[in-house]
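Per this note's numbering, the sequence shown starts with residue 1, numbered consecutively. C-beta atoms are modelled at their ideal positions from N, C-alpha and C, and glycine is treated no differently. The model shown is predicted, which means the values in this text are computed figures rather than measured ones.
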Amino acid sequence: MNTKDKNLTQIDEFRVQLTKTRASERYKLTRQYEKLRKKTEFNQSDWNVLKSKIDRSVQNKLDRQANLPVGHFDDDLPINQHREVIASAINNNQIVIICGETGSGKTTQLPKLCLTLGRGIDGYIGHTQPRRIAAKTVAKRIADELQSELGTHVGYKIRHQDVSNKNSYIKLMTDGILLAELQQDRYLNQYDTLIIDEAHERSLNIDFILGYLKQLLPKRPDLKVIITSATIDVERFSEHFNNAPVIEVSGRSYPVDVLYR
Numbered sequence: 001m002n003t004k005d006k007n008l009t010q011i012d013e014f015r016v017q018l019t020k021t022r023a024s025e026r027y028k029l030t031r032q033y034e035k036l037r038k039k040t041e042f043n044q045s046d047w048n049v050l051k052s053k054i055d056r057s058v059q060n061k062l063d064r065q066a067n068l069p070v071g072h073f074d075d076d077l078p079i080n081q082h083r084e085v086i087a088s089a090i091n092n093n094q095i096v097i098i099c100g101e102t103g104s105g106k107t108t109q110l111p112k113l114c115l116t117l118g119r120g121i122d123g124y125i126g127h128t129q130p131r132r133i134a135a136k137t138v139a140k141r142i143a144d145e146l147q148s149e150l151g152t153h154v155g156y157k158i159r160h161q162d163v164s165n166k167n168s169y170i171k172l173m174t175d176g177i178l179l180a181e182l183q184q185d186r187y188l189n190q191y192d193t194l195i196i197d198e199a200h201e202r203s204l205n206i207d208f209i210l211g212y213l214k215q216l217l218p219k220r221p222d223l224k225v226i227i228t229s230a231t232i233d234v235e236r237f238s239e240h241f242n243n244a245p246v247i248e249v250s251g252r253s254y255p256v257d258v259l260y261r
């Protein structure tokens with residue numbers, strides 16, 4: 001095999017390895033690959049640097065897969081009684097709308113369900129909350145349920161405070177933080193799943209995010225989006241996303257004594 005054929009074979013091998021990298025890093029690595037491929041001269045040292053980055057990303061993905069935290073589900077929560085239906089909908093659709101009353105458990109259980117489906121390996125499971133205090137408390141609750149220290153497997157990011165790291169699987173944040181990240185990451189490559197929680201509040205931030213996601217999803221077919229809402233306007237959410245499936249979950253009920261005087 002002459003030097004030119006050997007180089008072409010090596011370039012083809014790089015293309016195959018790129019498909020095994022983490023999706024959150026694949027875009028940047030692919031751009032570097034294309035830049036090198038278009039050069040007229042073959043520079044082995046440049047390709048060696050790229051190979052090192054690709055190998056690191058592939059190994060990182062394997063490590064994340066091996067260390068994926070295992071979540072336990074409380075069957076007393078209404079949403080967990082629909083776990084198989086929701087899991088099937090997430091696997092078979094790019095976007096799913098979960099309609100559930102307060103107390104159904106959707107906020108804390110959906111990120112754990114995504115982990116069981118293998119989400120969070122290629123990128124973060126991003127989980128938005130309308131308020132900062134909610135982002136912090138929900139992150140703490142999910143971390144406790146995963147028996148993990150806050151800031152490791154589960155982290156959060158709010159204004160002036162980032163308690164997460166590159167090895168986190170679930171990242172809680174406010175709607176405003178996600179909007180701010182769009183300025184630097186307009187394809188949201190750092191995420192493989194997004195949970196837009198409390199969408200029925202219809203703040204300006206949420207409306208902007210939903211409009212942006214509709215344009216982004218065709219360009220990111222690997223990105224899964226889950227929108228949660230109370231029983232308000234779910235049909236409009238579904239229509240906005242081309243009749244996306246809606247799954248309804250009832251709230252938790254409690255016995256009530258009625259006394260007449």
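query: Backbone secondary structure at Asp-207 - three-state DSSP; result: helix
query: Under 7 Å between C-beta atoms of Ser-52 and Glu-25; result: no
query: Pro-69 versus Tyr-212 - alpha carbon distance; result: 31 Å
query: Residue range of the alpha helix (DSSP H) that includes Tyr-33; result: 23-37
query: Where the alpha helix (DSSP H) containing Leu-115 begins and where it ends; result: 106-116
query: Bridge partners - Ser-229, DSSP secondary structure assignment; result: Cys-99
query: The ligand GDP heavy atom lying under 6 Å from the CB of Leu-36; result: Inclusion of the ligand GDP in the displayed structure is not the case, the ligand content being empty and no account of it being possible.
query: Boundaries of the beta strand (DSSP E) in which Ile-195 is found, first to last residue; result: 191-196
query: Status (buried if at least 16 other CB within 10 Å, exposed otherwise) for Val-96; result: buried
query: Per DSSP, cross-strand counterpart(s) of Ile-90; result: In the DSSP output, where bridge partners are listed per residue, Ile-90 has none listed.
query: For Tyr-156, the nearest candidate out of Ala-66, Val-246 and Ala-135 (CA to CA); result: Ala-135
query: Three CB pairs or more closer than 8 Å across the segment 217-234 and the segment 187-200; result: yes
query: Reference Met-173, options Leu-115, Gln-129, Gln-17 and Glu-145, closest by Cα; result: Gln-129
query: Touch test, the segment 99-109 against the segment 73-83, Cβ-Cβ under 8 Å, three pairs minimum; result: yes
query: First through last residue of the alpha helix (DSSP H) which encompasses Gly-176; result: 175-182
query: Delimiting residues of the beta strand (DSSP E) encompassing Thr-19; result: Per DSSP, Thr-19 belongs to no beta strand (DSSP E) and is neither H nor E.
query: Buried or exposed (CB count within 10 angstroms, at least 16 for buried), Gly-126; result: buried
query: Rounded Cβ spacing between Asp-222 and Ala-23 (contact assumed at less than 8 Å); result: 6 Å
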